[in-house]
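For the sequence shown, full-length UniProt numbering gives the first residue as 1, with consecutive numbering after it.
Just so you know, even glycine gets a beta-carbon here, dropped at the ideal spot from N, CA and C.
Read the structure below first, then the notes.
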Amino acid sequence: MSRLERSFNTQSRVLQKSKIKYLCPKCLQGFSRSDVLYQHFRQKADAIHKGLDSNKSNFALFLSSYRGCMGSLIPAAKLPKAPDCFDVFFVIEHYGEETESPNISDYAQSYTSTPSMHSHSCNFSVPLYHDRQPRGYDHDSHGGTALSTMPVPEQHVRHLQILHDVEVEAKICALLPQMDNWLDGTLPLTDQPHHDLGVIVPSVDVDRPLIPVRDLLYKGFGTFALIRTSKDIFSPQNIPEAVYTVLRVDGPGLIGNQKVAIGESIWVSHQTTLSAGLILLIGVFPTVVVGQKV
């Protein structure tokens, strides 16, 4: 028996003797009874927890919320009925499943056939901007490049994979102190909670101030968006496959179930959850530079 297997078996025995029967897949808090778990969903009242509590009223929203928290595209047919889908052992077994496997084709059809979600928190679009000149320090000047729907080769990257690049991350972190005031002014937080939809988008052109960052990430003509999250929300539906670059973290710093840090870039292949307190540059790029030296 391997060390990992021994550790897992020990944890299983501990859980069997504990009072924890259910886990919230969003915050991984344990509960002894299902009614207490659902009370937790209602008390939190953010978009993600509301989605987890909607299995009877809106199964499509529930399924998307559940998959986003779990980081796993579990087919609906294989998902136990609530509350058994929150069983502590089931959650532990499947949590983060997709981030560990580079091949998710077995689940792709199940995901894409899911009905669209009926909530602003998971069914919203953001303004998209397009490069006027090709980006990248060593680009050529011979016209545009066709955008790819898969900016990073599928065989080299998986959903929620960090595109580690120490040099690029350090340069972005060095640029950000000069951009902080501009980011706050461009993406201002509201002081009226009832008007807060969970995402702030620019009302002005953001092309020029973001050029130094984009030059570090890709070559050619890209499409990009800039957003700030004030609540836990879903990623925008109109740019589902993209590279997400983190410009600020004020909170848990989670994209799906992946912890992210300032300056890091992460590949997102479909709609997922975003925690509150993030400022993100989201882009579809013809030739990605960041993370390709690893």
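{"query": "Assign GLN258 to buried or exposed, taking buried as 16 or more other Cβ atoms, counted over all protein chains shown, within 10 Å of its Cβ.", "result": "buried"}
{"query": "How about LEU226 and PRO188: do their beta carbons lie closer than 8 Å?", "result": "no"}
{"query": "Would residue 323 be called buried (16 or more neighbouring beta carbons within 10 Å of its own) or exposed?", "result": "Absent from the model: residue 323. The displayed extent of the chain is 1 to 294, so no value can be given."}
{"query": "Buried or exposed: ALA47, going by 16 or more other Cβ atoms within 10 Å of its Cβ?", "result": "buried"}
{"query": "Thinking TYR22 and VAL88 are a contact (beta carbons under 8 Å), I'd like their distance in whole angstroms, please.", "result": "6 Å"}
{"query": "Assuming TYR95 and GLY71 are in contact, meaning their beta carbons sit under 8 Å apart, how far apart are those beta carbons, in whole angstroms?", "result": "7 Å"}
{"query": "Going residue by residue through the segment 166-249, where are the continuous alpha helix (DSSP H) segments of at least 4 residues, counting only ones entirely within it?", "result": "166-186, 211-217"}
{"query": "So the candidates are ALA77, PHE86, GLY51; which of them puts its Cα closest to the Cα of ASP35?", "result": "PHE86"}
{"query": "Do VAL213 and LEU183 have their C-beta atoms within less than 8 Å of each other?", "result": "no"}
{"query": "Which residue or residues does DSSP assign as beta-bridge partners of residue 317?", "result": "This structure leaves residue 317 out entirely; the chain is present only between 1 and 294."}
{"query": "Mind checking residue 306: buried by the 16 CB within 10 Å criterion, or exposed?", "result": "With the chain represented from 1 up to 294, any question about residue 306 goes unanswered, as that position is not in the structure."}
{"query": "Taking the alpha-carbon positions, what's the SER32 to PHE41 distance?", "result": "14 Å"}
{"query": "From VAL199 to ASP207, what does the alpha carbon distance come to, in whole angstroms?", "result": "19 Å"}
{"query": "Assuming ASP165 and VAL290 form a contact by the criterion Cβ under 8 Å, report the distance between their Cβ atoms to the nearest whole angstrom.", "result": "5 Å"}
{"query": "Using the rule of at least 16 other Cβ atoms within 10 Å of the residue's Cβ for burial, across every protein chain shown, is ASP232 buried or exposed?", "result": "buried"}
{"query": "Can you tell which of ASP215, LYS26, ILE172, LEU63 has the C-alpha that lies nearest to the C-alpha of LEU73?", "result": "LEU63"}
{"query": "Measuring only the C-alpha atoms, how far is ILE239 from PRO209?", "result": "21 Å"}
{"query": "When the distance is taken between beta carbons, is PRO286 closer than 8 Å to PHE221?", "result": "yes"}
{"query": "With DSSP collapsed to three states, give me the class of GLY283.", "result": "strand"}
{"query": "Enumerate in chain order the residues of its own chain whose CB-to-CB distance from ARG3 is below 6 Å, with the five nearest sequence positions on each side excluded.", "result": "none"}
{"query": "Which same chain residues, not among the five before or five after ALA276, have their C-beta less than 7 Å away from its C-beta?", "result": "THR229, SER230, LYS231, ASP232, GLY251"}
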